[in-house]
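>
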Amino acid sequence: MIRAWDAWLRVLERREGGEALAVFRILSGLAILYTYIPVIAAGLVEIAWLDVEYGGYRPLTGKGSWLITALGGLTPELVWSLVGVGLVSGLALTLGVGGRVGGRIVAFVALQTLLALSMINGDAKGSYDALLNNSLWLLVLGDGTATLSLDARRRGGGWRSALEVAAWPRYLIIAQIITVYASTGIHKVSAFWLPMGGYTALYYILLQPTWHRWEMYWIAWLFPLTQLLTALTWIWEVSFPLVGIHLYLRQKPGPRGRLGRLLTRWDLRTPYVLFGVSMHLMIFALMEVGPFSLITLAYYPCLYRPEELRRGWARLRARLSRRPT
Amino acid sequence: MTSASDGEGGGERVARARAPRRRPLTIHLLGIFVIYHLAALVLQALPDPGVGLKRSAWQEPTVQQEFRVWAGFFSRFGREVTVDELQRRLWEIAQAVTSTRKALVRPFAPYVDYIGMRQPWRMFVAPHRFPTSLVIDVREGDGPWRTIFVERSNEHTWRRAIFDHDRMRAALFRYGWPEYNGTYRDLGRFIARKAAADFPEATQVRVRMLKRRSPTPEEVRAGQIPEGDYRQELVIALEGFRR
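The listed protein sequences correspond, in order, to chains L and U.
Quick note on numbering: my numbering labels position 324 of the first sequence as 1183, and the sequence is numbered without any gaps.
Quick note on numbering: my numbering labels position 92 of the second sequence as 961, and the sequence is numbered without any gaps.
1. Tell me where the beta strand (DSSP E) around L/L946 begins and ends.
2. Since I believe L/L903 is in contact with U/I1031 (beta carbons under 8 Å), could you give me their beta-carbon distance rounded to a whole number of angstroms?
3. Under 7 Å between beta-carbons, which chain L residues line up against U/A1030? List them in chain order, please.
4. Answer yes if the stretch 1062-1073 of chain U comes into contact with the stretch 1004-1017 of chain U, meaning at least three C-beta pairs across the two stretches below 8 Å, and no otherwise.
5. So L/E1166 and L/G877 are in contact, right, with Cβ under 8 Å, and what is the actual spacing, rounded?
6. Within its chain, find whatever has a CB closer than 7 Å to the CB of L/R1072; leave out the 5 residues flanking it on each side and keep chain order.
7. For chain U, find out if any of its Cβ atoms is closer than 9 Å to the Cβ of L/E936; answer yes or no.
8. At a cut of 8 Å, does the stretch 1054-1062 of chain L reach the stretch 1081-1100 of chain L through at least three beta carbon pairs?
9. Would DSSP call L/K1111 helix, strand or coil?
10. Does DSSP classify L/H1139 as helix, strand or coil?
11. With a floor of 3 residues, list each beta strand (DSSP E) that falls wholly inside the stretch 926-1011 of chain U, ordered by position along the chain.
12. Assuming U/Y1099 and U/R1077 are in contact, meaning their beta carbons sit under 8 Å apart, how far apart are those beta carbons, in whole angstroms?
13. Name the residues in the stretch 1032-1053 of chain U whose C-beta lies less than 8 Å from a C-beta of chain L; which are they?
14. In the DSSP assignment, find the beta strand (DSSP E) that holds U/Y1099 and state where it starts and stops.
15. Which residues does DSSP pair with U/R1015 in a beta bridge?
16. How big is the Cα-Cα spacing for U/Q964 and U/R957?
17. Using a Cβ cut-off of 9 Å, pull out every chain U residue sitting near L/E1147, in sequence order please.
18. Rounded to the nearest angstrom, what separates L/G1103 and U/V966 at their Cα positions?
19. Using a Cβ-Cβ cutoff of 7 Å, what residues of the stretch 916-933 of chain L are near chain U? List them in chain order.
20. On the three-state DSSP scale, how would you describe L/R862?
21. Could you say which of L/D1002, L/G1113, L/H1105 and L/G985 lies nearest to L/W1070 if we only look at CA atoms?
22. Please report the straight-line C-alpha distance between L/G962 and L/L952, rounded to a whole angstrom.
23. In whole angstroms, what separates the C-alpha of L/A866 from that of U/H897?
24. Is L/P1131 buried or exposed, if buried means 16 or more other CB atoms sit within 10 Å of its CB?
25. Check U/M1078 in the structure and name its three-state DSSP category.
26. Taking the alpha-carbon positions, what's the L/A1157 to L/A879 distance?
27. Using C-beta distances below 6 Å, list every residue in its chain close to U/L922, excluding the 5 sequence neighbours before and after it, in chain order.
28. Could you tell me the distance, in whole angstroms, from the CA atom of L/I899 to the CA atom of L/R1019?
29. Identify, in the order they occur along the chain, each residue of the same chain with its Cβ nearer than 8 Å to the Cβ of U/E877, setting aside the five sequence neighbours on each side.
30. Could I get the ranges of all uninterrupted alpha helix (DSSP H) runs contained in the stretch 1032-1075 of chain U, with 4 residues as the minimum, in chain order?
31. Work out the CA separation of L/G943 and L/W1172 for me, nearest whole Å.
32. Does DSSP put L/R1174 in a helix, a strand or coil?
33. When the Cα of U/R1058 is compared with those of L/V911, L/A1050 and L/R1182, which residue comes out closest?
34. Nearest to L/T1038 by alpha carbon, out of U/M992, U/L1103 and U/G1045?
35. Would you tell me roughly how many angstroms separate the C-alpha atoms of U/A926 and U/W1046, rounded to the nearest one?
36. Which chain U residues sit within Cβ distance under 7 Å of L/P897?
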């Protein structure tokens, strides 16, 4: 027991470069802007987040998070102030303002603002509100401003910094995205995701007027492809924890069993990431689900260690510079 | 991006000492907190059947179709399972799972309420085979109804910016289900307020949901799109909304 606890604490003591967390922070900051700006542009701040008395479409008195209650209840002044604070914190998060402590405060303010607003009207919220809340809490736990930030520039004159950060927040980010995919896969108990429903889920989901960007009857001519993607999506989601097992086994010292050797033989992340990126880009292109794809994709760089990201970035730059003009 | 031989801890400064050593209290507290976080994460993400545990929702054709397919599937294993029996069993199981889950997540309630550690990942759990679309019409006196808005239409686009936003799409999706009838009527009154302002000559507004079975691929290719029918009709006089 003592040995296990000691091993656990050794994991929590690991340090690494800050690139993965920094990319996560930047994309999460952009996702916050993407959350608020379209709401303002559509004139939805009052309609969705205020009571009928102030122009809302439904009674909302007494709704919202603990913060709304603590600040005296829903008023236009409060809601607009929260939106303003949310926008500023989103921008500050994107730029990486505040440093080790200040950056966490920025993330916490962004989190509480979004939590307060998204809990006002339970009918007009999406899963992305919850996922973005989770992202922001993880940015409170981890130092996302160590590099690729205004703070790094202030400290050392450059955008990049070799300052190390705790590795465990990145592990929690990985745990979060694994949970999202595994849970959504387990929730898909509809027969239409499975053979007895003919793998027709994606076809019918894309026909739903609620989410599609345009009328999508043309997919009837691609029906076999939608069946294949239905099966692959479900398998990909429920098996996503394999990526976590793969990462765990790779860092574990000592000999591996047959299954362990099989799971670490290839870099399992590559096929899962390729499929995931393609799926989210397809969702973004065909469906209106707000910043969901951006928020989710922010998690992907954290599947890689910072030095892997640095190597990948250097390789990409070298390839681009070799391209004939 | 990297070869499989690169370990996750390959480039990290890992504490080398293998024997347990004395550490500050903070790292022990961190160890406990991270376990609490992971437990909250996993338990909150467990399916919560309580969300859809409403008799009215189970009577919807989309849900009934699911029961039929599953009853047919279970009947292949030697004993016929009827839709009624399947529903009764599932209702009992769902109630048991809901109460167990509720007990499991109780210790994490403050973490959820104050930090937002919710894990509601019921995304696209099932295709809605009988989806609804919001349709709004106005008329002057006893004149004909004039359609001003149809969800996703490029022809009837009144106040489209509001209804096209994903937050309102989420709300409209919910209002097609019977358990949201009260809020649907609130939405109707909101639409009446806006229509009264935008159409000074109009005397009434009609708010309806067009419920239409999604066509099979064969039907689409044959050009046979189901007509659907209108439900949840609200006819609201605009007079009172102009004061």
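Using N, Cα and C, we set each Cβ at its ideal position, and we do this for glycine too.
Considering the structure as presented:
1. Where L/L946 is concerned, there is no enclosing beta strand (DSSP E), although the alpha helix (DSSP H) it sits in stretches over P935 to L954.
2. So it is a contact: roughly 6 Å between Cβ atoms.
3. Chain-order list of chain L residues neighbouring U/A1030: A901 and G902, by C-beta distance under 7 Å.
4. For the pair of segments examined, the stretch 1004-1017 of chain U was found to touch the stretch 1062-1073 of chain U: the number of CB pairs separated by less than 8 Å reaches three.
5. Actually they are not in contact, since the Cβ atoms of L/E1166 and L/G877 sit about 12 Å apart, beyond 8 Å.
6. So the list reads L1145, M1146 and E1147, once near-sequence residues are dropped.
7. By this cut-off, L/E936 is not an interface position.
8. Flag = yes, the stretch 1054-1062 of chain L and the stretch 1081-1100 of chain L touch.
9. It is coil, neither helix nor strand.
10. Helix, per DSSP.
11. The stretch 926-1011 of chain U contains these whole beta strand (DSSP E) runs: 1001-1008.
12. Confirmed, about 4 Å.
13. Along the stretch 1032-1053 of chain U, the positions whose C-beta sits under 8 Å from a C-beta of chain L are D1033, H1034, D1035, R1036, M1037, R1038, A1039, A1040, L1041, F1042, R1043, Y1044, Y1049 and T1052, read in chain order.
14. Following the DSSP letters along the chain, one finds U/Y1099 inside the beta strand (DSSP E) bounded by residues D1098 to A1106.
15. The partner list for U/R1015 (beta bridge, DSSP) reads U/V1007.
16. Distance between the alpha carbons of U/Q964 and U/R957 is about 11 Å.
17. Counting only Cβ-Cβ distances below 9 Å, L/E1147 has contacts in chain U at D1033, H1034, D1035 and R1038, in chain order.
18. So the alpha carbons of these two residues sit roughly 27 Å apart.
19. Against chain U - using a Cβ distance shorter than 7 Å - the residues of the stretch 916-933 of chain L are Y916, R917, P918 and W925.
20. Reduced to three states, the DSSP call for L/R862 is helix.
21. Residue L/G985 is the option with its Cα nearest to L/W1070.
22. Whole-angstrom Cα-Cα distance: 7 Å.
23. For L/A866 and U/H897, the gap between their C-alpha atoms comes out near 12 Å.
24. It is Tyr, not Pro, that sits at residue 1131 of chain L in the sequence shown. Counting the other Cβ atoms within 10 Å of the Cβ of L/Y1131 gives 16 or more, which makes it buried.
25. Three-state DSSP puts U/M1078 in a strand.
26. Taking the straight line joining both Cα atoms gives about 10 Å.
27. Hits under 6 Å: A963.
28. The alpha-carbon atoms of L/I899 and L/R1019 are separated by roughly 34 Å.
29. Low confidence applies to U/E877: its pLDDT is 48, below 50, so where it sits in the model is not reliable, and the reading given next is rough at best. Excluding the 5 residues flanking it on each side, U/E877 has no same chain C-beta neighbour closer than 8 Å.
30. Every unbroken stretch of the alpha helix (DSSP H) spanning 4 or more residues and falling wholly within the stretch 1032-1075 of chain U is given here in chain order: 1035-1044 and 1050-1067.
31. Looking at the two C-alpha atoms, the distance is approximately 35 Å.
32. Assignment of L/R1174 by DSSP, reduced to helix, strand and coil, places it in the helix class.
33. Measuring from the Cα of U/R1058, the nearest candidate turns out to be L/V911.
34. When each option's Cα is compared against that of L/T1038, the closest is U/M992.
35. Spanning the two alpha carbons is a distance of roughly 7 Å.
36. At a beta-carbon threshold of 7 Å, the residues of chain U lying near L/P897 are H1034, ordered along the chain.
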